[in-house]
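Student: Chains as they are written, first to last, in full-length UniProt numbering: chain A, 1 to 348; chain B, 1 to 348. Each residue gets a CB set at the ideal place from its N, CA and C atoms; glycine is no exception. Quick one: the structure is below, questions incoming.
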């Protein structure tokens with residue numbers, strides 16, 4: 001075994017700063033940030049460039065492709081605005097400007113706000129609205145899962161840089177801290193954004209649409225939650241220009257807010273379980289159960305597997321799958337892998 | 001070390017049927033089924049009853065409490081119906097029966113359908129609607145995450161029983177198969193339910209509300225997606241009785257459908273990564289990196305940890321946490337845990 005600087009990257013905190021930052025960026029996924037691929041594959045990247053082509057290509061595929069979502073959104077809105085502009089005579093209600101109304105109608109439909117101030121008035125437009133609301137919902141879902149994460153992570157990296165420069169704290173420590181409090185931080189950012197959107201919406205409705213404060217607040221709530229009774233909506237041209245941007249960001253931000261609350265809730269429960277697993281007394285029965293190779297003692301790795309399994313982080317299925325590969329690789333059946341196994345495996 | 005039947009429960013498939021079934025039931029969580037606590041703790045339960053009280057109480061707390069969600073929902077709807085009945089004179093629009101309209105209004109609000117056929121007509125009712133839409137959204141989110149899982153799992157267990165009786169296949173095999181295809185199966189069940197709800201809604205609107213087929217389909221789409229323009233809605237007493245049940249199940253089912261698509265998508269990606277990690281060639285560099293105790297060879301447990309880390313199932317943080325406990329427990333600093341360590345640890 002060659003003895004170079006890759007020595008125990010598994011247990012040491014040997015990731016460099018760029019890798020840590022990358023890891024931070026990559027670990028994000030809508031539903032399963034814990035099980036989603038992290039860049040723990042990365043360590044090998046800098047040390048042995050030639051072996052990492054598959055890693056890189058896999059991650060390019062798995063990455064949240066923010067740009068792609070933005071393009072989808074732009075195409076959807078463009079197509080929507082064009083189509084509903086072409087059939088504008090088959091839509092009835094409060095109208096201002098042709099193409100603006102079409103875009104406004106597309107957004108009110110895709111976000112499921114559905115005020116009803118503009119409604120389809122023919123079979124064609126009704127069916128079009130049906131098609132647009134389903135595809136719009138899917139697209140909004142996709143956007144919710146990707147868009148704000150992007151913003152939050154950009155901001156996190158800036159924060160890390162700032163802390164690193166000003167407080168001279170080791171960046172590893174900061175990053176670990178950030179990772180732990182990530183959900184709380186995201187929730188805070190989104191809550192702040194929501195407050196800004198609420199205030200902006202209310203002020204706009206009072207000054208431009210001339211609603212009283214309670215009505216403006218009511219219209220803001222009704223819109224952001226996608227309730228959209230439609231008794232109060234954006235009826236002026238200026239109002240609709242504002243609405244086009246404000247409705248889209250508002251509804252997405254609120255959806256995200258709820259998502260992060262759910263995520264935080266899961267994390268808190270998960271942490272409670274981890275804490276319980278780590279503090280409960282280890283008995284001789286545990287040692288027997290953890291003794292994977294049945295040699296009468298429990299090594300560090302065996303103990304780690306046993307505990308992580310108890311925490312529910314890994315399942316028996318995960319372990320069995322890897323064990324199958326291990327047995328195939330262990331050509332000399334020694335119960336351990338050594339460079340000689342690798343050589344033997346490659347020669348056969 | 002006593003030599004009883006607990007021998008290697010970690011790697012053998014020694015969970016009995018009840019435990020497997022329990023595991024199946026417990027593994028469900030909205031966002032993080034993989035990282036959510038599974039009952040991998042259960043193995044010790046049957047073999048050493050006296051040590052498992054903490055396990056049981058932890059899981060009672062962590063379980064999705066379906067009943068509790070149902071109670072919340074009933075209380076919410078009860079309070080909503082009562083309050084909006086009391087302020088019925090401050091709500092304008094198409095009215096049928098006092099308490100029915102109040103319940104209908106509560107449901108149209110909480111699901112964010114917001115037709116606008118009934119709208120608040122005073123500052124008080126407007127603010128009430130704001131309060132109800134936010135709390136309703138949270139409750140619907142909670143319901144989406146719990147309710148249908150319950151139904152699906154009930155059905156799965158029935159299916160397992162049926163297959164076990166009729167085909168005489170080992171239940172372990174069936175359960176593993178079910179676990180793997182669970183998301184696909186759930187998606188299928190929810191899709192089927194959605195078709196039923198679509199058909200029922202359309203037929204009802206055609207026969208009772210006297211809409212033409214396209215209008216009925218349009219109203220169904222507009223409602224289930226929570227778009228609710230409000231140009232077509234339930235205006236008769238019979239219609240509103242139907243709507244009360246149909247809107248709630250329809251919107252929740254569609255939300256679940258989208259959720260399962262997202263889940264399936266994540267699972268497919270995750271599987272691709274697992275496959276890649278398991279099929280890529282193991283090099284000497286990997287062996288060095290996986291050699292946790294630096295003894296020059298890689299044991300089974302070390303290999304499992306290395307691969308699971310590469311799959312992103314566990315993080316460095318997870319490992320470090322458990323390693324800390326290991327080091328504390330390894331009183332004689334032998335690098336392994338044995339019954340003597342436990343005895344030493346307890347005596348100090």
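Going by DSSP, name the residue or residues bridged to residue 92 of chain A.
Tutor: A:119
Student: Give the straight-line distance between the Cα atoms of residue 74 of chain A and residue 328 of chain B, rounded to the nearest whole angstrom.
Tutor: 56 angstroms
Student: Quick one: does residue 313 of chain B have its CB under 8 angstroms from some CB of chain A?
Tutor: It does; some Cβ of chain A falls within 8 angstroms.
Student: Check whether chain B comes within 8 angstroms of residue 200 of chain A, counting only Cβ atoms and requiring the distance to be less than that.
Tutor: no
Student: Mapping the DSSP letters down to three states, classify residue 299 of chain B as helix, strand or coil.
Tutor: strand
Student: Taking beta-carbon pairs under 8 angstroms, can you tell me which members of the segment 225-246 of chain B lie near chain A?
Tutor: 225, 226, 227, 228, 229, 230 and 231
Student: Please report how far the alpha carbon of residue 333 of chain A lies from the alpha carbon of residue 278 of chain B, in whole angstroms.
Tutor: Residue 333 of chain A and residue 278 of chain B: Cα-Cα distance of roughly 19 angstroms.
Student: Closest Cβ-Cβ distance between residue 203 of chain A and chain B: below 8 angstroms?
Tutor: no
Student: Could you tell me how far apart the beta carbons of residue 305 of chain A and residue 301 of chain B are, in whole angstroms, since I believe they sit closer than 8 angstroms?
Tutor: 5 angstroms
Student: Return the first residue and the last residue of the alpha helix (DSSP H) that residue 293 of chain A is part of.
Tutor: DSSP places residue 293 of chain A outside any alpha helix (DSSP H), giving it a letter other than H or E.
Student: Look at residue 221 of chain A and residue 205 of chain A and say whether their C-beta atoms are less than 8 angstroms apart.
Tutor: no
Student: Within the continuous alpha helix (DSSP H) that includes residue 98 of chain A, where are the two ends?
Tutor: 98-110
Student: So which residues on chain B does residue 303 of chain A lean against when the C-beta distance must stay under 7 angstroms?
Tutor: 322, 326 and 337
Student: Using a Cβ cut-off of 9 angstroms, pull out every chain B residue sitting near residue 105 of chain A, in sequence order please.
Tutor: Under the 9 angstroms cutoff, chain B gives no residues; its nearest Cβ is about 10 angstroms from residue 105 of chain A.
Student: May I have the straight-line CA-CA distance separating residue 142 of chain A from residue 298 of chain A, to the nearest angstrom?
Tutor: 45 angstroms
Student: Can you tell me where the alpha helix (DSSP H) holding residue 229 of chain A begins and where it ends?
Tutor: For residue 229 of chain A, no alpha helix (DSSP H) encloses it, and the DSSP letter there is neither H nor E.
Student: Do residue 112 of chain A and residue 90 of chain A have their CB atoms nearer than 8 angstroms?
Tutor: no
Student: Going by the beta-carbon positions, is the gap between residue 96 of chain A and residue 202 of chain A smaller than 8 angstroms?
Tutor: Contact flag unset, no.
Student: On the criterion of 16 or more Cβ atoms from any shown chain inside 10 Å, does residue 245 of chain A qualify as buried, or is it exposed?
Tutor: exposed
Student: Determine the direct distance from the alpha carbon of residue 118 of chain B to that of residue 321 of chain A, and round the result to whole angstroms.
Tutor: 57 angstroms
Student: Among residues of its own chain, excluding the 5 on either side of residue 319 of chain A, which ones have a beta-carbon nearer than 8 angstroms to its beta-carbon?
Tutor: 305 and 309
Student: Is the CB-CB distance between residue 214 of chain B and residue 123 of chain A below 8 angstroms?
Tutor: The answer is yes: Cβ separation under 8 angstroms.
Student: Should the segment 266-286 of chain A be regarded as contacting the segment 261-274 of chain B, the criterion being three or more beta carbon pairs within less than 8 angstroms?
Tutor: Short answer: they don't touch.
Student: What in chain A is Cβ-close to residue 119 of chain B, meaning under 7 angstroms?
Tutor: Under the 7 angstroms cutoff, chain A gives 229 and 231.
Student: At 8 angstroms on the CB atoms, spell out the chain A contacts of residue 222 of chain B, in chain order.
Tutor: The answer, in chain order, is 114, 129, 130 and 133.
Student: To the nearest angstrom, how far is the alpha carbon of residue 240 of chain B from that of residue 66 of chain A?
Tutor: If I take the Cα positions, the gap works out to 43 angstroms.
Student: Return the Cβ separation of residue 183 of chain B and residue 260 of chain B in integer angstroms, given the expectation that the two are a contact with Cβ distance under 8 angstroms.
Tutor: 6 angstroms
Student: Which of the three DSSP states, helix, strand or coil, is assigned to residue 337 of chain A?
Tutor: strand
Student: Using three-state DSSP, classify residue 114 of chain B as helix, strand or coil.
Tutor: In the three-state scheme derived from DSSP, where H, G and I count as helix and E and B as strand, residue 114 of chain B is classed as coil.
Student: Suppose the cutoff is 6 angstroms on Cβ atoms and the five residues either side in sequence are ignored; what does the same chain contact list for residue 291 of chain A look like?
Tutor: 298
Student: Quick check: residue 230 of chain B and residue 104 of chain B, are their CB atoms within less than 8 angstroms of each other?
Tutor: no
Student: Looking at the structure shown, is residue 87 of chain A part of a helix, part of a strand, or coil, going by DSSP?
Tutor: coil
Student: Closer than 8 angstroms, CB to CB, is residue 186 of chain B near chain A or not?
Tutor: no
Student: Which value, in whole angstroms, describes the spacing of the CA atoms of residue 140 of chain B and residue 249 of chain B?
Tutor: 10 angstroms
Student: Taking the alpha helix (DSSP H) that residue 207 of chain A falls in, what are its first and last residues?
Tutor: 182-207
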